[in-house]
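Peer 1: Residue numbers (my numbering): 242 to 433.
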Amino acid sequence: MKDERRRLLADKTPFPDDLDERLRAQFTFLVEVDQLKTVLRQSPLAAADRRENDAEHSWHLAMMVVLLAEHSDQPIDVAHTIELVLVHDLVEIYAGDTPLYDTAAGMDQQEREAVAADELFGLLPTDQARRLRALWDEFEERRTPEARFAKAMDRLQPLLLPRAGSRAVPSDHLPGPGPRGGPLEVHCTLLH
């Protein structure tokens with residue numbers, strides 16, 4: 242079977258031939274991740290009558306980390322935690338968003354996202370590919386205080402926005418029992 246490469250956004254408007262290869266790889270990745278703006282989540286915005294996209298979600302999580310880090314149940318490196326929340330959903334460009342309440346889609350989520358991570362981060366120069374993949378793995382594994390706090394913000398944000406916008410969160414959208422749901426894991430004192 243022929244190994245087919247995904248058509249990249251950067252293929253539509255190629256970079257100059259004399260562009261440094263490292264910079265070409267970095268630009269290719271940056272253009273490709275623009276697709277994060279097209280991945281729609283189930284969460285409504287507080288400020289508009291539409292669903293939020295993954296880029297808006299990631300930006301909002303970064304802002305939450307900056308403002309709410311003082312409420313972490315353990316000291317965290319804020320800059321590192323921001324890196325985690327900025328990288329955590331990039332794989333959804335290729336794997337799609339998997340809502341927490343969608344148990345059927347959650348069955349193969351880890352596999353889909355791992356394949357997407359290999360493909361997407363593989364666009365970068367090797368050192369940066371390893372760095373972003375390590376950040377994504379750290380967020381997924383939740384073994385560090387930063388990753389646990391980032392995940393707590395990821396779970397809090399969709400509950401915060403509808404409340405602010407006077408939109409009820411459907412009960413089937415709330416975290417529930419199971420490997421993907423379970424009790425809302427919180428790692429910040431403001432939620433205890």
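Note that the Cβ used here is the ideal one computed from N, Cα and C, for glycine as well.
On a predicted model such as this, the values are computed, not experimentally measured, just so you know.
Count the CB pairs spanning the segment 297-314 and the segment 366-385 that are closer than 8 Å, and state whether there are at least three.
Peer 2: no
Peer 1: Among residues of its own chain, excluding the 5 on either side of R372, which ones have a beta-carbon nearer than 6 Å to its beta-carbon?
Peer 2: none
Peer 1: Need the endpoints of the beta strand (DSSP E) that R292 sits in, please.
Peer 2: 292-294
Peer 1: Can you have a look at A266 and say buried or exposed, based on whether 16 or more other CB atoms are within 10 angstroms of its CB?
Peer 2: buried
Peer 1: How big is the Cα-Cα spacing for E297 and A358?
Peer 2: 20 Å
Peer 1: Would the beta-carbon of R383 fall within 8 Å of that of R389?
Peer 2: yes
Peer 1: Below 8 Å on the Cβ atoms is my guess for V280 versus D295; work out the distance and round it to an integer in Å.
Peer 2: About 4 Å separates the Cβ atoms of V280 and D295, confirming a contact at the 8 Å cut-off.
Peer 1: Using a Cβ-Cβ cut-off of 8 Å (strictly less than) and excluding sequence neighbours within five positions of R282, which residues of its own chain qualify?
Peer 2: R292, E293, N294, D295, H298, D338, P340, P399
Peer 1: If contacts are defined as beta-carbon pairs under 8 Å, then L331 and L361 qualify, I think. What distance do you get, rounded to the angstrom?
Peer 2: 6 Å
Peer 1: Using alpha carbons as the reference points, say which of I317, E262, L249, E387 lies closest to H329.
Peer 2: Ranking the options by Cα distance to H329, first place goes to E387.
Peer 1: When you compare each of L271, V326, L250, D349 to A336 by their alpha carbons, which one comes out closest?
Peer 2: Ranked by Cα distance from A336, the first of L271, V326, L250, D349 is D349.
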